[in-house]
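K.L.:
Add 49 to the 1-based position in the sequence shown for our numbering, that's all there is to it.
Just so it is clear, CB atoms sit at the ideal spot from N, CA and C, and this is done for glycine as well.
One structure, pasted below without further comment.
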Amino acid sequence: MINKVVTDADEAIRDISNGMTLMLGGFGLCGIPENCINALVRKGVRDLTCISNNAGVDDFGIGLMLKQKQVRKMISSYVGENAEFERQLLSGELEVELIPQGTLATRCMASGYGMPAIFTPAGVGTEVAEGKETRNFNGKDYLMELAFEADFAIVKAWKGDTAGNLIYRSTARNFNPVMAMAGKITIAEVEELVEVGELDPDHVHTPGIYIHRIFQGKDYEKRIEQRTVRARV
50 MINKVVTDAD
60 EAIRDISNGM
70 TLMLGGFGLC
80 GIPENCINAL
90 VRKGVRDLTC
100 ISNNAGVDDF
110 GIGLMLKQKQ
120 VRKMISSYVG
130 ENAEFERQLL
140 SGELEVELIP
150 QGTLATRCMA
160 SGYGMPAIFT
170 PAGVGTEVAE
180 GKETRNFNGK
190 DYLMELAFEA
200 DFAIVKAWKG
210 DTAGNLIYRS
220 TARNFNPVMA
230 MAGKITIAEV
240 EELVEVGELD
250 PDHVHTPGIY
260 IHRIFQGKDY
270 EKRIEQRTVR
280 ARV
């Protein structure tokens with residue numbers, strides 16, 4: 050077995066270079082690869098195309114990369130409350146492709162499954178369909194959407210083992226598993242790294258065959274984008 054374990058985020062992203070396309074897992078601020086994003090900021094790599102459900106917030110997640118002007122194009126379904134993202138979009142500094150959330154997830158999945166394209170009814174008859182092939186199946190129109198091609202997928206899991214098997218918790222499962230399958234090289238950061246045999250196989254969400262590098266992260270903030278609490282009575 051090839052040793053997949055690396056020491057930290059800086060080693061994990063060592064060969065990510067300018068102009069590459071990255072998938073970054075997570076949903077909102079839940080389950081995002083905090084350590085790898087911080088390492089990318091430190092490295093200063095630029096002209097990136099980032100595929101992610103959202104673009105973080107101004108001072109956290111992908112928002113940190115936007116602040117440093119490291120992202121050339123953002124492919125996402127939700128941009129959240131990110132003032133810098135909005136400013137760059139409106140000024141023409143940032144190229145943005147907004148995609149229906151289900152289509153985004155399924156294009157990731159198609160890449161992982163080795164499928165070149167999918168057909169979906171989402172977006173038919175809207176701006177999303179401009180320039181895309183439409184086919185009719187059983188009397189209903191569908192858009193052809195291409196599978197993503199990403200140089201790297203960067204995901205975050207709750208627990209993993211040294212063979213790369215991963216377990217996610219709750220909302221972190223929304224995009225991390227499909228992105229883990231889809232990168233030419235997949236990097237996983239985990240909160241807890243254990244030896245092979247310590248994970249219950251029935252609980253594994255991503256098999257280690259998809260993971261090329263894994264490390265135990267640290268200092269996770271796990272921010273909440275919009276904290277809502279019930280009023281005291």
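(1) Are the segment 85 to 105 and the segment 240 to 254 in contact at 8 Å, needing three or more beta carbon pairs?
(2) Distance, Cα to Cα, Ala171 vs Ser101?
(3) Three or more C-beta pairs under 8 Å: does that hold for the segment 203 to 216 against the segment 158 to 176?
(4) Whose C-alpha, out of Gly257, Asp268, Ala166, is nearest the C-alpha of Ile234?
(5) In its own chain, which residues sit with a C-beta less than 7 Å from the C-beta of Arg272, not counting the 5 before and 5 after it?
(6) Identify which residue in Val55, Leu73, Leu113 has its Cα closest to the Cα of Ala199.
(7) Can you find the residues in the same chain that come closer than 6 Å, C-beta to C-beta, to Arg285, ignoring five residues on each side of it along the sequence?
(8) Express the C-alpha separation of Asn187 and Val282 in angstroms, rounding to a whole number.
(9) With burial defined as no fewer than 16 other Cβ atoms inside 10 Å of the residue's Cβ, what is the status of His252: buried or exposed?
(10) Of the residues Phe264, Arg222, Ala231, which one's Cα is nearest the Cα of Phe76?
(11) Judging by CA-CA distance, which residue of Lys181, Glu241, Ala196 is the nearest neighbour of Arg218?
(12) Pick from Asp190, Ile260, Asn103, Met69: whose alpha carbon is nearest that of Val94?
(13) Could you please give the first and the last residue of the uninterrupted beta strand (DSSP E) stretch that includes Lys118?
(14) Closest to Phe168 by CA distance: which of Glu182, Leu192, Ala280, Lys53 is it?
P.N.:
The short version:
(1) no
(2) 18 Å
(3) no
(4) Gly257
(5) Leu78, Phe109
(6) Out of Val55, Leu73, Leu113, Leu73 has the C-alpha closest to the C-alpha of Ala199.
(7) This structure gives no information on residue 285, because the portion of the chain shown stretches from 50 to 282.
(8) 56 Å
(9) Within 10 angstroms of the beta-carbon of His252 lie fewer than 16 other beta-carbons, which makes it exposed.
(10) If we check each option's Cα against that of Phe76, Arg222 comes out closest.
(11) Of Lys181, Glu241, Ala196, the residue nearest in Cα terms is Glu241.
(12) Met69
(13) From DSSP, Lys118 is part of no beta strand (DSSP E); its letter is neither H nor E.
(14) Leu192
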